[in-house]
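Note sheet for the following structure.
Numbering (our numbering), first residue to last: 1177 to 1435.
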């Protein structure tokens, strides 16, 4: 759908929600988010992307599906992690615009009421940018800031700081991201890589509605950050090549000395 033809009448908005061990957040998320999507006056679908969980997360989603036919569920054969779950959701989504959001309500779904009009006006990507991050430790905030700094220093693609995966994308952006055929997607990097017009909405991030995060804890954040560093720069490749040349040169000089 082109920017000039973006009308809300008969438009379909897809919402991708990766989940793992989130049984306490499913009902509050749906109760808060579905009315917002209905308020937009569009058709909508909510696609939960579930890494198999040992708790009752799947049943909570199926209960929500029984009450709302606009809700769908993808269940994976094993745990693949949040980035892979998000990419699977993008492939399954049929929307004219597709949004990605966490289920814990740290990212307020009310922002969709601002994102959709921006998309309607012509923006291909409307990303939520955090002013503050309540409920997160200083260490995690520092790790996040350091990660963005390293990636943007080394990367050929500018990745906006203080943005997570919470964003609304036009259909053509989603199609281009899917066409990259990434398996361990760093979504904010992939979206920046394919280009197109981006806009930002600033907000204050809240604490989780229930429980502790299962994705993006310290090791998860580091893993996602390394995916971004490796996938969007030649920094590590160039560094490895340099170290190899130094070692080879030292070995050559050592051989000459021995001879």
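We put the beta carbon where it would ideally sit given N, CA and C, even for glycine.
Remember, predicted model here, so these are calculated numbers, not experimental data.
How is residue i classed by DSSP in three states: helix, strand or coil?
| i | result |
| --- | --- |
| residue 1337 | coil |
| residue 1372 | coil |
| residue 1391 | Below a pLDDT of 50, predicted positions are generally treated as unreliable, and residue 1391, at 48, falls in that range; the measurement from the model is reported next regardless. The answer is coil: DSSP assigns residue 1391 none of H, G, I, E or B. |
| residue 1194 | strand |
| residue 1303 | strand |
| residue 1433 | helix |
| residue 1417 | helix |
| residue 1428 | helix |
| residue 1344 | strand |
| residue 1188 | strand |
| residue 1177 | Residue confidence for residue 1177 is low, a pLDDT of 49 falling below 50, so the modelled location carries little weight and cannot support an answer. |
Which residues bound the alpha helix (DSSP H) around residue i?
| i | result |
| --- | --- |
| residue 1257 | No alpha helix (DSSP H) contains residue 1257, which DSSP labels as neither H nor E. |
| residue 1353 | 1347-1355 |
| residue 1288 | 1288-1296 |
Quick one: give me the first and last residue of the beta strand (DSSP E) that residue i is part of.
| i | result |
| --- | --- |
| residue 1498 | One cannot answer for residue 1498 here, as it falls past the ends of the chain, which runs 1177 to 1435. |
| residue 1276 | 1273-1276 |
Check the C-beta distance from residue i over to residue j and give it rounded, since I have them as a contact under 8 Å.
| i | j | result |
| --- | --- | --- |
| residue 1362 | residue 1283 | Not a contact, Cβ separation roughly 18 Å. |
| residue 1209 | residue 1222 | 7 Å |
| residue 1184 | residue 1296 | 6 Å |
| residue 1306 | residue 1381 | 5 Å |
| residue 1202 | residue 1262 | Their Cβ separation, rounded to whole angstroms, is 17 Å, which puts residue 1202 and residue 1262 out of contact at 8 Å. |
| residue 1350 | residue 1266 | 5 Å |
| residue 1249 | residue 1219 | Rounded, the Cβ-Cβ distance is 18 Å, inconsistent with contact. |
| residue 1236 | residue 1199 | 5 Å |
| residue 1268 | residue 1347 | No, residue 1268 and residue 1347 are not in contact; Cβ-Cβ is about 14 Å, not under 8 Å. |
| residue 1377 | residue 1287 | 6 Å |
| residue 1366 | residue 1353 | 5 Å |
Quick one: using the 10 Å Cβ neighbour count with 16 as the cut-off for buried, is residue i buried or exposed?
| i | result |
| --- | --- |
| residue 1434 | exposed |
| residue 1207 | exposed |
| residue 1190 | buried |
| residue 1300 | buried |
| residue 1259 | buried |
| residue 1302 | buried |
| residue 1205 | buried |
| residue 1275 | buried |
| residue 1233 | buried |
| residue 1243 | exposed |
| residue 1195 | buried |
| residue 1227 | buried |
| residue 1217 | exposed |
| residue 1422 | exposed |
| residue 1359 | exposed |
| residue 1271 | buried |
| residue 1240 | buried |
| residue 1230 | exposed |
| residue 1416 | exposed |
| residue 1418 | exposed |
Hey, is residue i close to the ligand MN, as in C-beta under 7 Å from one of its heavy atoms?
| i | result |
| --- | --- |
| residue 1251 | With respect to the ligand MN, the structure shown offers nothing to examine, as it has no ligands at all. |
Scan the stretch 1199-1246 and note each continuous alpha helix (DSSP H) run of 4 residues or more that stays entirely inside, going in chain order. Within the stretch 1199-1246, the complete alpha helix (DSSP H) segments at least 4 residues long are 1202-1215 and 1233-1243, listed from N- to C-terminus.
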